[in-house]
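Chemist: In the numbering used here, each residue's number is its place in the sequence shown (first place is 1) plus 47. From the three backbone atoms N, C-alpha and C, an ideal C-beta is built for every residue, glycine too.
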Amino acid sequence: MKLRIGVLAAVMVLPFAVASTTSSAQARPGSTPYYWQVPGADEDVLTEAGFDVEHGAGGPIQVVGDQGVANRLLGLGYRPVKFDTVYKEVLAPPRTQDVGVQTFYGGYHTVAEHEKHLTDVAAAYPALTQVFDIGDSWRKTRGQGGHDIRAICITKKQAGDCALNPNSAKPRFALIAQLHARELATGELAWKWIDHVTKGYGSDPEVTSVLDTTELWVVPIVNPDGVDIVASGGSRPLLQRKNANNTGASCSTPSYGVDLNRNSSFKWGGAGTSRCGETYQGTGAASEPETKAIEAWFKQLFPDQRGPGDRDVAPVTTKGVMITAHSYGNLIMPPWGWTWDANPNAAGLRALGQKMAAFNSYTVVAEGDTTGTTDDFTYGNLGIASYTFELGSGSGSCGGFFPQYSCMDSLFWPRNKGALLAAAKAAKAPYAS
Ligand SMILES: [Zn+2]
């Protein structure tokens with residue numbers, strides 16, 4: 048499959064390479080970006096040609112970009128159709144938000160607010176929580192500002208709980224978000240999840256039971272440098288997806304950086320070699336500090352429960368679930384990404400995927416066609432049940448990368464609350480359902 052696509056890409060792209068002197072087909076700052084449907088286009092071909100390609104949520108594939116990007120598609124013989132705006136109408140932040148809280152685009156929290164949130168939650172619920180610094184962002188490693196990457200452990204703490212030790216007494220469910228910075232709904236979903244399970248302990252029987260028996264770990268912002276870039280646009284957030292690594296690159300903002308969901312060390316390599324492309328894999332496996340941080344953290348949370356072979360099955364006694372939240376497509380995607388072949392635990396992963404889909408009505412479908420993803424690492428290396436959630440549809444006021452903030456309460460949280468609780472309950476034996 049990959050070979051066929053690779054040959055096709057070479058044939059289709061080479062004649063136009065000369066005309067493409069811009070470093071990327073991303074929307075330029077100051078221009079108006081749209082989602083374009085591109086009927087009949089191949090995702091891999093357009094990605095390798097430097098376009099910003101997204102799942103079409105059932106329809107044709109979509110390209111993100113301004114009129115100049117559409118003109119490039121036309122020049123390549125495609126017929127892009129303007130599908131929807133990237134920016135929705137920005138409404139006033141909800142009055143329930145405190146005065147003085149730093150938000151952008153109608154209510155989304157900045158990295159500083161996420162950091163304060165974890166500190167505040169830890170102070171309010173010391174018997175339930177512990178916050179960890181699990182590593183540095185790229186800018187911090189270079190002394191250019193940046194951030195610590197923070198994780199929170201949430202459980203009814205007993206002696207030995209929330210230790211960075213894979214042999215934990217309680218099974219663990221890990222949720223990570225905003226690895227892709229512009230996928231705004233994902234960090235907010237993590238925020239609401241943290242609030243729900245801390246505030247609900249002792250009053251909500253379901254939450255109480257989960258915290259009595261399970262450790263919930265959350266990294267709300269895996270890519271804080273990227274989120275800083277996104278938020279710098281204010282009511283017109285920048286479309287930064289990757290981290291802030293601009294070493295040796297002449298890519299325009301927001302096209303520089305390494306795609307942290309192509310940089311994981313499990314079977315790293317393959318597509319994504321274009322330096323300014325949205326799926327740039329980096330210079331080596333886990334080359335980025337953000338990737339190193341979460342991989343080391345996952346290894347501290349979960350023992351290796353699967354053999355080294357591609358066909359080794361994680362046993363039914365395996366513990367642990369991981370969800371990495373992305374936008375968009377209304378999808379629940381288990382591994383593999385690196386091959387279209389079914390993974391050895393495909394049936395079990397599908398069964399739990401369907402349990403979660405009963406709450407959010409997303410489609411469960413194997414990832415395929417990507418290498419270096421987080422969930423290939425956590426399943427492939429450690430054997431834990433791993434999923435990519437693609438939150439939301441590709442259009443409408445709650446669709447795309449930048450849904451209206453009110454969609455958090457009207458759509459994303461009510462749809463996904465039950466799915467996250469189902470994942471937490473399954474952590475003790477995800478393949479036994
Ligand atoms: Zn993503």
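Secondary structure at R283, three-state DSSP: helix, strand or coil?
Modeler: Locating residue 283 in the sequence shown gives position 236, where the first residue counts as 1. Looking at R283 - three-state DSSP - the assignment turns out to be coil, as it is neither helix nor strand.
Chemist: I need the straight-line Cα distance from K163 to G356, nearest angstrom please.
Modeler: Within the sequence shown, residue 163 is the residue found at index 116, counting from 1. Within the sequence shown, residue 356 is the residue found at index 309, counting from 1. In a straight line, the C-alpha of K163 is about 43 Å away from that of G356.
Chemist: Verify whether the separation of the beta carbon atoms of V158 and I268 is less than 9 Å.
Modeler: Numbered from its first residue, the sequence shown carries residue 158 at position 111. Numbered from its first residue, the sequence shown carries residue 268 at position 221. Their beta carbons are under 9 Å apart, which means V158 touches I268 by this criterion.
Chemist: Does R322 pass the burial test, meaning 16 or more other C-beta atoms within 10 Å, or should it be called exposed?
Modeler: Position 275 of the sequence shown, counted from the first residue, corresponds to residue 322. Buried.
Chemist: Does the separation of the CB atoms of T287 and A228 fall below 9 Å?
Modeler: By 1-based counting over the sequence shown, the position of residue 287 is 240. By 1-based counting over the sequence shown, the position of residue 228 is 181. It should be pointed out that residue 287 corresponds to Gln in this sequence rather than to Thr. Against a cut-off of 9 Å, the Cβ pair of A228 and Q287 comes out as a contact.
Chemist: Excluding the five sequence neighbours on either side, which residues of its own chain have a C-beta within less than 7 Å of the C-beta of V65, listed in chain order?
Modeler: Looking up residue 65 in the sequence shown gives position 18. Residue confidence is low: V65 scores 30 on pLDDT, short of 50, so the model does not pin down where it sits. No coordinate-derived value is stated.
Chemist: Looking at the structure shown, is M48 part of a helix, part of a strand, or coil, going by DSSP?
Modeler: In the sequence shown, residue 48 corresponds to position 1, counting from 1. Caution applies to M48, whose pLDDT of 25 falls short of 50 and renders its modelled position unreliable; the value that the coordinates give is listed next. Coil, per DSSP.
Chemist: What does the alpha-carbon distance come out to for the pair W238 and G122?
Modeler: On the sequence shown, residue 238 is found 191 positions in, with the first residue counted as 1. On the sequence shown, residue 122 is found 75 positions in, with the first residue counted as 1. The alpha-carbon atoms of W238 and G122 are separated by roughly 43 Å.
Chemist: Does the beta-carbon of N308, which I'm using as the reference point, lie nearer than 8 Å to any heavy atom of ligand 1?
Modeler: Along the sequence shown, one-based indexing puts residue 308 at 261. Yes, ligand 1 has a heavy atom inside 8 Å of this Cβ.
Chemist: According to DSSP, is F449 part of a helix, a strand, or is it coil?
Modeler: Working through the sequence shown from its first residue, we reach residue 449 at position 402. F449 falls in the coil class under three-state DSSP.
Chemist: Report whether the distance from the Cβ of E230 to the nearest heavy atom of ligand 1 is below 8 Å.
Modeler: Looking up residue 230 in the sequence shown gives position 183. E230 Cβ: within cutoff of ligand 1.
Chemist: Near N212, which residues of its chain fall below 8 Å by C-beta distance, leaving aside the five closest residues on each side in sequence?
Modeler: Here residue 212 refers to the residue found at position 165 of the sequence shown. Closer than 8 Å at the Cβ level, and outside the excluded window around N212, lie Q347.
Chemist: Mind listing, in chain order, the continuous beta strand (DSSP E) runs of no fewer than 3 residues lying wholly within the region 236–288?
Modeler: 262–266
Chemist: Can you list, in chain order, the residues of its chain with a C-beta nearer than 6 Å to that of E235? Leave out the 5 residues immediately preceding and following it.
Modeler: If you number the sequence shown from 1, residue 235 lands on position 188. Excluding residues within five positions, the ones whose Cβ falls inside 6 Å are M455.
Chemist: Kindly indicate which three-state DSSP category D357 falls into: helix, strand or coil?
Modeler: For the purposes of this step, residue 357 is taken as residue 310 along the sequence shown, with counting starting at 1. Residue state, collapsed to three classes: coil.
Chemist: Spatial neighbours of K366 within its chain, please: C-beta separation below 8 Å, excluding the five flanking residues on both sides.
Modeler: By one-based count along the sequence shown, residue 366 stands at place 319. P218, R219, F349, Q352, I431, A474, K475, A476, P477, listed in sequence order.
Chemist: Within the same chain, show all residues whose beta-carbon is closer than 8 Å to that of W83, passing over the 5 residues directly before and after it, in chain order.
Modeler: Your numbering for residue 83 matches position 36 in the sequence shown. Exclusion of the five residues before and after W83 leaves Q109, V110, V111, G112, V116, A117, L120, P127, V128, K129, F130 as the residues of its chain whose Cβ lies within less than 8 Å of its Cβ.
Chemist: Is the region 200–208 in contact with the region 174–184, if contact means three or more CB pairs nearer than 8 Å?
Modeler: yes
Chemist: Using only alpha-carbon positions, find the residue among G182, D99, L93 that is nearest to G447.
Modeler: As a first step, residue 447 is located in the sequence shown; it is residue number 400 there, counting from the start. Scanning G182, D99, L93 for the CA closest to the CA of G447 turns up D99.
Chemist: How would you call Q451, buried or exposed, if buried means at least 16 neighbouring beta carbons within 10 angstroms?
Modeler: Position 404 of the sequence shown, counted from the first residue, corresponds to residue 451. Counting Cβ neighbours within 10 Å, Q451 comes out buried, since at least 16 surround it.
Chemist: Using only the alpha-carbon positions, how far apart do A232 and Q225 sit?
Modeler: Here residue 232 corresponds to residue number 185 of the sequence shown, with the count starting at 1. Here residue 225 corresponds to residue number 178 of the sequence shown, with the count starting at 1. If I take the Cα positions, the gap works out to 8 Å.
Chemist: Please go through the same chain and pick out, in chain order, the residues whose beta-carbon is closer than 7 Å to the beta-carbon of N377, but skip the five residues on each side of it.
Modeler: If you number the sequence shown from 1, residue 377 lands on position 330. Contacts found: A104, Y409, T410, E437, G439, S440.
Chemist: Ligand 1 and L211: does the residue's C-beta get closer than 8 Å to at least one heavy atom of that ligand?
Modeler: Within the sequence shown, the letter at position 164 stands for residue 211. Incorrect: L211 has no Cβ contact closer than 8 Å to ligand 1.
Chemist: If you follow the alpha helix (DSSP H) that M385 is in, where does it begin and where does it stop?
Modeler: For the purposes of this step, residue 385 is taken as the residue at position 338 of the sequence shown. One point to set straight first is that residue 385 is Trp, not Met, in the sequence displayed. Per DSSP, W385 belongs to no alpha helix (DSSP H) and is neither H nor E.
Chemist: CB of S374 to nearest heavy atom of ligand 1: below 8 Å?
Modeler: For the purposes of this step, residue 374 is taken as residue 327 along the sequence shown, with counting starting at 1. Yes, ligand 1 has a heavy atom inside 8 Å of this Cβ.
Chemist: Locate the alpha helix (DSSP H) running through V158, then write down its first and last residues.
Modeler: Taking the first residue of the sequence shown as 1, we reach residue 158 at position 111. It spans 158–171 - the alpha helix (DSSP H) in which V158 sits, taken as one unbroken run.
Chemist: Looking at I370: is its Cβ nearer than 9 Å to the Cβ of A479?
Modeler: Looking up residue 370 in the sequence shown gives position 323. Looking up residue 479 in the sequence shown gives position 432. Result no, Cβ atoms of I370 and A479 do not sit closer than 9 Å.
Chemist: Helix, strand or coil for S3 per DSSP?
Modeler: Lying outside 48 to 480, the shown extent of the chain, residue 3 is not represented and no answer is given.
Chemist: Is the beta carbon of L226 within less than 8 Å of some heavy atom of ligand 1?
Modeler: For the purposes of this step, residue 226 is taken as residue 179 along the sequence shown, with counting starting at 1. Yes, since a heavy atom of ligand 1 falls inside the 8 Å radius drawn around the Cβ of L226.
Chemist: Would you call D272 buried or exposed, if buried means 16 or more other Cβ atoms sit within 10 Å of its Cβ?
Modeler: Taking the first residue of the sequence shown as position 1, residue 272 is located at position 225. Classification of D272: buried, given that the 10 Å Cβ count is 16 or more.
Chemist: List the whole-angstrom C-beta distance separating T294 from I276, where the pair is believed to meet the contact cut-off of C-beta under 8 Å.
Modeler: In the sequence shown, residue 294 corresponds to position 247, counting from 1. In the sequence shown, residue 276 corresponds to position 229, counting from 1. Contact flag wrong, Cβ pair sits at about 16 Å.
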